[in-house]
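> Here's a structure for you.
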Amino acid sequence: MVLISQTGSSYCIRTELFRYKSGQNVVFSRANNIEASKLKENSIGFSSVSYSSSRKTQILHIDNAGVGQKRGHTVIVAASPPTEDAVIATEPLTKEDLVAYLVSGCKSKEKWRIGTEHEKFGFELKTLRPIKYEQIAELLNVISERFDWEKVMEGDKIIGLKQGKQSISLEPGGQFELSGAPLATLHQTCAEVNSHLYQVKAITEEMGIGFLGIGFQPKWGLKDIPVMPKGRYDIMRNYMPKVGTLGLDMMFRTCTVQVNLDFSSEADMIRKFRAGLALQPIATALFANSPFTEGKPNGFLSMRSQIWTDTDNNRTGMLPFVFDDSFGFEQYVDYALDVPMYFVYRNKKYIDCTGMTFRDFLAGKPPCIPGELPTLNDWENHLTTIFPEVRLKRYLEMRGADGGPWRRLCALPAFWVGILYDEVSLQNALDRTADWTPEERQMLRNKVPITGLKTPFRDGLLKHVAQDVVKLARDGLERRGFKETGFLNEVAEVVRTGVTPAEKLLELYNGKWGQQMDPVFEELLY
49 MVLISQTGSS
59 YCIRTELFRY
69 KSGQNVVFSR
79 ANNIEASKLK
89 ENSIGFSSVS
99 YSSSRKTQIL
109 HIDNAGVGQK
119 RGHTVIVAAS
129 PPTEDAVIAT
139 EPLTKEDLVA
149 YLVSGCKSKE
159 KWRIGTEHEK
169 FGFELKTLRP
179 IKYEQIAELL
189 NVISERFDWE
199 KVMEGDKIIG
209 LKQGKQSISL
219 EPGGQFELSG
229 APLATLHQTC
239 AEVNSHLYQV
249 KAITEEMGIG
259 FLGIGFQPKW
269 GLKDIPVMPK
279 GRYDIMRNYM
289 PKVGTLGLDM
299 MFRTCTVQVN
309 LDFSSEADMI
319 RKFRAGLALQ
329 PIATALFANS
339 PFTEGKPNGF
349 LSMRSQIWTD
359 TDNNRTGMLP
369 FVFDDSFGFE
379 QYVDYALDVP
389 MYFVYRNKKY
399 IDCTGMTFRD
409 FLAGKPPCIP
419 GELPTLNDWE
429 NHLTTIFPEV
439 RLKRYLEMRG
449 ADGGPWRRLC
459 ALPAFWVGIL
469 YDEVSLQNAL
479 DRTADWTPEE
489 RQMLRNKVPI
499 TGLKTPFRDG
509 LLKHVAQDVV
519 KLARDGLERR
529 GFKETGFLNE
539 VAEVVRTGVT
549 PAEKLLELYN
559 GKWGQQMDPV
569 FEELLY
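The C-terminal position of the sequence shown is numbered 574 in the numbering used here, with every residue numbered one higher than the one before it.
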């Protein structure tokens, strides 16, 4: 029995496992209203289960959605994340189903995990030019054969790899992304990063290519960046210039590191969401690492962060409504329902649905696919096309940091785990930020990409707040008891001096490098 939290009511869900004709597991859900109780603290969830209120026969959701026919080490899927048509709706979805999907992410504390994702730029060692898709395809094929990863295909093109719960995928301009498995400790997370970088380096050295750990492409213009053969990116590339001036830069010239973290209940999600949003500009400052554009300083410490301010304001930003007293899963669903869609995936093809909202889709009036109704896979895909500073799916994503060298790939999850996975540190962080106004939070979001830790805040500098926050993270890691505090060493030096990684790069550029850009490729080579 699973209690599902929802605003104003709660539901008892009985789940039974059936075999579907394809041989995959299907979860059939039967929902009955029960007494509203203990909504926000006592709900626990389950994944890959769809359910809805007040209806008997609801939705058949096939587990392992996105996995197709296995051929050797090849798994044919549609995109990353996988989007095969694997959900069969026996009745139209309702808003309650969409809320319940988010609620199903709730996990008891002992099941909380750490999922780290990072992106990096590939380049040719001799020319420093971005690597082409053909070189990336060769790299993916060799990693698959040498290290036993399964291939992920779109049509006849290799676009990624999977191994257990890890995946490698390609961003629009060929940025090479590792999406790590959900792991219990930061030691495991850092070991996973090290293993991935070892595998990549073992092959790229033979190919004459390298990877760069930085937040924005420092040397090359948009015209120099290759385009990856993924259908969803074609739709995004056509749409971006209509809604902002920097969307194509976001797609093709940025790299990030982010961490995905769990919550136990709606109340726990709300607290972590608010702390994450309030403190996100501090993470942006601590990890600022993108001060160059096309061979010279661009006037920012985090150009990557700045780009998000003019990408598409319908789907980005600091989400002030998260701080409203009424906020919960349902309110996030209401927000997401009104974010314009990019696409719907049907019959192994992406259909352009730009300009339509998911609310339109839910109501059965999508002009792009007349008469079609959404599935939970459509909802899952739609949630991946929303890009706020903290994003809610069935976990919370901390999205404010620039990509960087390997030590910082371990430091970013350490920072957030220490704050959000320790009750004392989380409460202290909420207390510390409780009286920050929406205007102050937005001011930090706007100014930190330019001035970093030197951003004025109240009676001092953001550096002073960051020192307190890093101490909260360290104390939280200490209380976790896994000897993880060493992973914060990278940011401890940054808060002690107030000098961001970007400012160190600018110092090198204006000094040792003689205002030449090429040395950055050696400085930040993995």
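C-beta atoms are modelled at their ideal positions from N, C-alpha and C, and glycine is treated no differently.
Since the model is a prediction, treat every value here as computed from it, not as a measurement.
What is the DSSP secondary structure of residue 473, counted as helix, strand or coil?
Three-state result, residue 473: helix.
> Taking the DSSP output, what are the residues bridged to residue 394?
Paired residues: 397.
> What's the C-alpha gap between residue 553 and residue 247?
For residue 553 and residue 247, the distance between alpha carbons rounds to 27 Å.
> Note down, in chain order, each residue of its chain lying with its Cβ closer than 7 Å to the Cβ of residue 562, except the 5 sequence neighbours on either side.
Excluding sequence neighbours, residue 562 sits near nothing in its chain.
> Can you tell which of 527, 529, 528, 521 has its C-alpha closest to the C-alpha of residue 538?
The shortest Cα separation from residue 538 among 527, 529, 528, 521 belongs to 521.
> Would you decide whether residue 320 is buried or exposed? Buried here means 16 or more other CB atoms lie within 10 Å of its CB.
Classification for residue 320: buried.
> Count the C-beta pairs between the region 162-169 and the region 460-478 that are closer than 8 Å, then say yes if the count reaches three, no if not.
Touching, yes.
> What number of angstroms, rounded off, separates the C-alpha of residue 451 from the C-alpha of residue 419?
For residue 451 and residue 419, the distance between alpha carbons rounds to 42 Å.
> Can you tell me where the beta strand (DSSP E) with residue 439 in it begins and where it stops?
First-last of the beta strand (DSSP E) with residue 439: 438-440.
> Looking only at its own chain, which residues have a Cβ that is under 7 Å from the Cβ of residue 219, when we skip the five neighbours before and after it?
Cβ neighbours of residue 219 beyond the five flanking positions: 167, 225.
> What are the start and end residues of the alpha helix (DSSP H) that includes residue 297?
Unbroken alpha helix (DSSP H) run through residue 297: 295-301.
> With a cut-off of 8 Å, do at least 3 Cβ pairs link the region 234-246 to the region 521-535?
A contact exists between the region 234-246 and the region 521-535.
> Using only the alpha-carbon positions, how far apart do residue 569 and residue 265 sit?
Near 10 Å, if we compare the C-alpha coordinates of residue 265 and residue 569.
> Counting C-beta neighbours from all protein chains within 10 Å, is the total for residue 312 16 or more, i.e. buried, or is it exposed?
That one is buried.
> For residue 308, which three-state DSSP category applies?
DSSP places residue 308 in strand when its eight states are reduced to three.
> Whose CA, out of 204, 199, 203, lies closest to the CA of residue 210?
For residue 210, the nearest C-alpha among the options comes from 199.
> Only counting the same chain, and skipping five residues up and downstream in sequence, which positions put a Cβ closer than 8 Å to that of residue 323?
Only 467, 468, 474, 477, 478, 481 meet the Cβ criterion.
> CA-CA distance, residue 347 and residue 559?
Distance between the alpha carbons of residue 347 and residue 559: 17 Å.
> If I follow the unbroken alpha helix (DSSP H) through residue 413, where does it start and stop?
No alpha helix (DSSP H) contains residue 413, which DSSP labels as neither H nor E.
> How is the beta strand (DSSP E) around residue 332 delimited, first residue to last?
Premise fails: residue 332 lies in the alpha helix (DSSP H), 314-334, not in any beta strand (DSSP E).
> Taking DSSP as the reference, what is the three-state secondary structure of residue 418?
Reduced to three states, the DSSP call for residue 418 is coil.
> In the DSSP assignment, find the unbroken alpha helix (DSSP H) run with residue 524 in it and report its ends.
Taken as a continuous stretch (DSSP letters only), the alpha helix (DSSP H) holding residue 524 covers 510-528.
> Does any residue of chain B bring its CB to less than 8 Å from the CB of residue 311?
Of the chains in the structure shown, none is chain B; there is only one protein chain.
> Tell me the rounded alpha-carbon separation between residue 594 and residue 345.
The structure shown does not extend to residue 594, since the chain spans only 49 to 574, so no value can be given for it.
> Per DSSP, residue 215 forms a beta bridge with which residues?
Paired residue(s): 210, 227.
> So for residue 232, helix, strand or coil by DSSP?
Residue 232 falls in the coil class under three-state DSSP.
> With a cut-off of 8 Å on the beta carbons, I'd call residue 448 and residue 501 a contact; round off their distance for me.
No, residue 448 and residue 501 are not in contact; Cβ-Cβ is about 14 Å, not under 8 Å.
> Drop a sphere of 10 angstroms on the beta-carbon of residue 250, count the other beta-carbons inside from all chains shown, and report buried for 16 or more, exposed for fewer.
That one is exposed.
> In three-state terms, what does DSSP make of residue 162?
The answer is strand: DSSP assigns residue 162 an E or B state.
> How would you write the range of the beta strand (DSSP E) that residue 444 sits in, first residue to last?
Per DSSP, residue 444 belongs to the beta strand (DSSP E) from 444-450.
> With a threshold of 16 other CB atoms inside 10 Å of the CB of residue 518, please say whether the residue is buried or exposed.
Under this definition residue 518 is a buried residue.
> Check residue 172 in the structure and name its three-state DSSP category.
Three-state DSSP puts residue 172 in a strand.
> As a quick exercise: from 398, 341, 152, 252, pick the residue whose alpha carbon is nearest that of residue 281.
The shortest Cα separation from residue 281 among 398, 341, 152, 252 belongs to 398.
> Here's the rule I'm using: 16 or more other beta-carbon atoms within 10 Å means buried, otherwise exposed. How should residue 239 be labelled?
Residue 239 comes out exposed.
> Please report the residue range of the alpha helix (DSSP H) in which residue 569 lies.
Note, residue 569: alpha helix (DSSP H), 567-571.
> State the Cα-Cα distance for the pair residue 387 and residue 425, rounded to the nearest angstrom.
Spanning the two alpha carbons is a distance of roughly 17 Å.
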